[in-house]
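Residue numbers (UniProt numbering), protein chains in the order written: chain S, 1 to 283; chain R, 1 to 276. Beta carbons: idealized from backbone N, C-alpha and C, even for Gly. Read the structure below first, then the notes.
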């Protein structure tokens, strides 16, 4: 009897050890190093608040955080709008389970391919001599190539929506599939219009999925640096990019202080989402 | 049920969905086409003839920068390591979570945290931890661990979905017939969840194979493929970049296809056995 009692502990041990070594320990290290001091060649143990002071008092930090929040807001709104309707279409308009599965896979497959390649693939499309500019010029809509398409905030947002919408589609689709169809029937029998069914039945029941998707998208955008670096051509800033630059300059304690602030901000945002929507029954 | 008439909403949403799929696959298709660019062609349209020049260049010629073959084999090996570990560890943890145990709550939240902590923090943290401990980071140690923090939560969430739908009556029946716990697992539980385990393996492999941000500070002195590709974007200005994109995407798609076929075959075999 005692043997079967310890079985779950043994089974959970590998996961616990891996997370302890590669998640808890590294974050503890970041917190520790954020109080360390550094000069131009090395970092050394200390207990100083200068890294936080410098980070918080610099106006660059504030504008960078604001810019990152702006990306998060725009990308969140767009992925939610697109993701909800895609999930809604799959869940309510596709009637055969096989077709649902196939179309869902069609949406999922790009997620399993390389993000970098998916970013690169916008170049021939958006570039100065890209497909979009060429088409618009042939059609006579514009006579000068549009410069803002690539290497701009527009490109960053476009690429993020491209990369992250799936994180919205999957959880929303999951909750929509669990809605008891009898509820919708009942609403219809009681005389609700399609719009009323959507706003009074479907959306309230889809909230946990929306919350999970939002957590994914917001945290991915807040920590992103590669999309911003690549798609803005180095012209826009994000917190992740600022950290990546500090790392490149070997200013590890500064990057660590930044990381702690970013982590606190991300956790606050997640907590706020969880406060609005209770996702516990989803898990 | 299918006799219900399609309203106008259906056609609007179908158009929307088609546009979404075009948005997902359109850009990928352009680089696929452009990788067959003629020998004098550039990075954008028009096509300057059609050739396999850039694939040849990629596969058989020494690149000015980078080591494509080495990076590919490292990423492949790392992906396989992540796949095996993800399958085994998530399966074990999934089994553990079917019962109540002390600390199951914190462990669950820790796994979710692993998913939402920004990748660059994991990268920086593991890099710093190795630095402080005086260890040399390498793709098979620090890089491997960094990838696991990304693949394991997905694996565990899939296992949750599987065991939530798992009917315990099968196990009870096996036990009643005198099967030992191990026999119950090996002959009853495992065959039922095998298709899902292939799904977990697929996620484990592809997420690791394509991971960039978590590898950045943890791969040590040798690049994985995504790092190599990123390096190429800054100093390669020929369609060889697209050829590389096409080859790696086709490789990913091939892996996905193999996994899907395996899942379909397993399902069909089970259906046949149940019928027969």
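Measuring alpha carbon to alpha carbon, tell me which residue in the options is nearest residue i.
{"i": "residue 21(R)", "options": "200(S), 233(S), 165(S) and 175(S)", "result": "165(S)"}
{"i": "residue 48(R)", "options": "61(R), 144(R), 57(R) and 33(R)", "result": "33(R)"}
{"i": "residue 144(S)", "options": "152(S), 151(S) and 135(S)", "result": "135(S)"}
{"i": "residue 82(S)", "options": "24(R), 213(R) and 46(R)", "result": "24(R)"}
{"i": "residue 73(S)", "options": "216(S), 139(S) and 32(S)", "result": "216(S)"}
{"i": "residue 119(R)", "options": "275(S), 250(S) and 239(S)", "result": "239(S)"}
{"i": "residue 253(S)", "options": "170(S), 127(S), 19(S) and 27(S)", "result": "27(S)"}
{"i": "residue 224(R)", "options": "164(R), 29(R), 140(R) and 16(R)", "result": "140(R)"}
{"i": "residue 266(S)", "options": "170(S), 32(S) and 65(S)", "result": "65(S)"}
{"i": "residue 260(S)", "options": "271(S), 249(S), 202(S) and 243(S)", "result": "243(S)"}
{"i": "residue 284(S)", "options": "63(S), 126(S), 205(S) and 161(S)", "result": "Because chain S here runs from 1 to 283, residue 284(S) falls outside it and cannot be looked at."}
{"i": "residue 29(R)", "options": "205(S), 124(S), 224(S) and 5(S)", "result": "124(S)"}
{"i": "residue 150(R)", "options": "97(R), 7(R) and 82(R)", "result": "82(R)"}
{"i": "residue 107(R)", "options": "228(S), 12(S), 268(S) and 105(S)", "result": "12(S)"}
{"i": "residue 67(S)", "options": "248(S), 153(S) and 189(S)", "result": "153(S)"}
{"i": "residue 70(S)", "options": "228(S), 278(S) and 43(S)", "result": "228(S)"}
{"i": "residue 250(S)", "options": "14(S), 44(S), 24(S) and 32(S)", "result": "44(S)"}
Does any residue of chain S have a CB that is nearer than 8 Å to the CB of residue i?
{"i": "residue 185(R)", "result": "no"}
{"i": "residue 70(R)", "result": "no"}
{"i": "residue 210(R)", "result": "yes"}
{"i": "residue 126(R)", "result": "yes"}
{"i": "residue 8(R)", "result": "no"}
{"i": "residue 120(R)", "result": "yes"}
{"i": "residue 117(R)", "result": "yes"}
{"i": "residue 221(R)", "result": "no"}
{"i": "residue 87(R)", "result": "no"}
{"i": "residue 137(R)", "result": "no"}
{"i": "residue 36(R)", "result": "no"}
{"i": "residue 30(R)", "result": "yes"}
{"i": "residue 195(R)", "result": "no"}
{"i": "residue 50(R)", "result": "no"}
{"i": "residue 55(R)", "result": "no"}
How far does the alpha helix (DSSP H) with residue i in it extend, from its first residue to its last?
{"i": "residue 26(R)", "result": "8-34"}
{"i": "residue 91(S)", "result": "No alpha helix (DSSP H) contains residue 91(S), which DSSP labels as neither H nor E."}
{"i": "residue 275(S)", "result": "252-276"}
{"i": "residue 106(R)", "result": "104-116"}
{"i": "residue 267(R)", "result": "240-275"}
{"i": "residue 208(S)", "result": "203-223"}
{"i": "residue 189(S)", "result": "181-189"}
{"i": "residue 133(S)", "result": "131-138"}
{"i": "residue 153(S)", "result": "153-178"}
{"i": "residue 31(S)", "result": "25-33"}
{"i": "residue 150(R)", "result": "144-164"}
{"i": "residue 135(R)", "result": "Taken as a continuous stretch (DSSP letters only), residue 135(R) belongs to no alpha helix (DSSP H), as it is neither H nor E."}
{"i": "residue 140(R)", "result": "Unbroken run through residue 140(R): none, as it is neither H nor E."}
{"i": "residue 196(S)", "result": "194-197"}
{"i": "residue 79(R)", "result": "68-96"}
{"i": "residue 57(S)", "result": "50-57"}
{"i": "residue 36(S)", "result": "No alpha helix (DSSP H) contains residue 36(S), which DSSP labels as neither H nor E."}
Using a Cβ-Cβ distance cut-off of 8 Å, determine whether residue i contacts chain R.
{"i": "residue 15(S)", "result": "yes"}
{"i": "residue 26(S)", "result": "yes"}
{"i": "residue 236(S)", "result": "no"}
{"i": "residue 223(S)", "result": "yes"}
{"i": "residue 77(S)", "result": "no"}
{"i": "residue 278(S)", "result": "no"}
{"i": "residue 243(S)", "result": "yes"}
{"i": "residue 8(S)", "result": "yes"}
{"i": "residue 30(S)", "result": "yes"}
{"i": "residue 266(S)", "result": "yes"}
{"i": "residue 219(S)", "result": "yes"}
Thinking residue i and residue j are a contact (beta carbons under 8 Å), I'd like their distance in whole angstroms, please.
{"i": "residue 211(R)", "j": "residue 147(R)", "result": "5 Å"}
{"i": "residue 117(S)", "j": "residue 245(R)", "result": "4 Å"}
{"i": "residue 127(R)", "j": "residue 194(S)", "result": "Actually they do not touch by this definition, with Cβ atoms about 53 Å apart."}
{"i": "residue 35(S)", "j": "residue 46(S)", "result": "7 Å"}
{"i": "residue 198(R)", "j": "residue 158(R)", "result": "In fact, because the Cβ distance is near 11 Å, the residues do not count as touching under 8 Å."}
{"i": "residue 161(S)", "j": "residue 75(S)", "result": "6 Å"}
{"i": "residue 55(S)", "j": "residue 264(S)", "result": "At roughly 12 Å, the Cβ-Cβ gap does not stay under 8 Å, so residue 55(S) and residue 264(S) are not in contact."}
{"i": "residue 185(R)", "j": "residue 94(R)", "result": "Contact doesn't hold; Cβ gap of about 12 Å is too wide."}
Just mark residue i as buried or exposed, buried being the case when its beta carbon has 16 or more other beta carbons within 10 Å.
{"i": "residue 168(S)", "result": "buried"}
{"i": "residue 210(S)", "result": "buried"}
{"i": "residue 221(R)", "result": "exposed"}
{"i": "residue 214(R)", "result": "buried"}
{"i": "residue 59(S)", "result": "exposed"}
{"i": "residue 168(R)", "result": "exposed"}
{"i": "residue 230(S)", "result": "buried"}
{"i": "residue 222(S)", "result": "buried"}
{"i": "residue 3(R)", "result": "Note that residue 3(R) has pLDDT 44, beneath the 50 cutoff, so the model's placement of it is unreliable and the number below is only indicative. Answer is exposed; the Cβ neighbour count stays below 16."}
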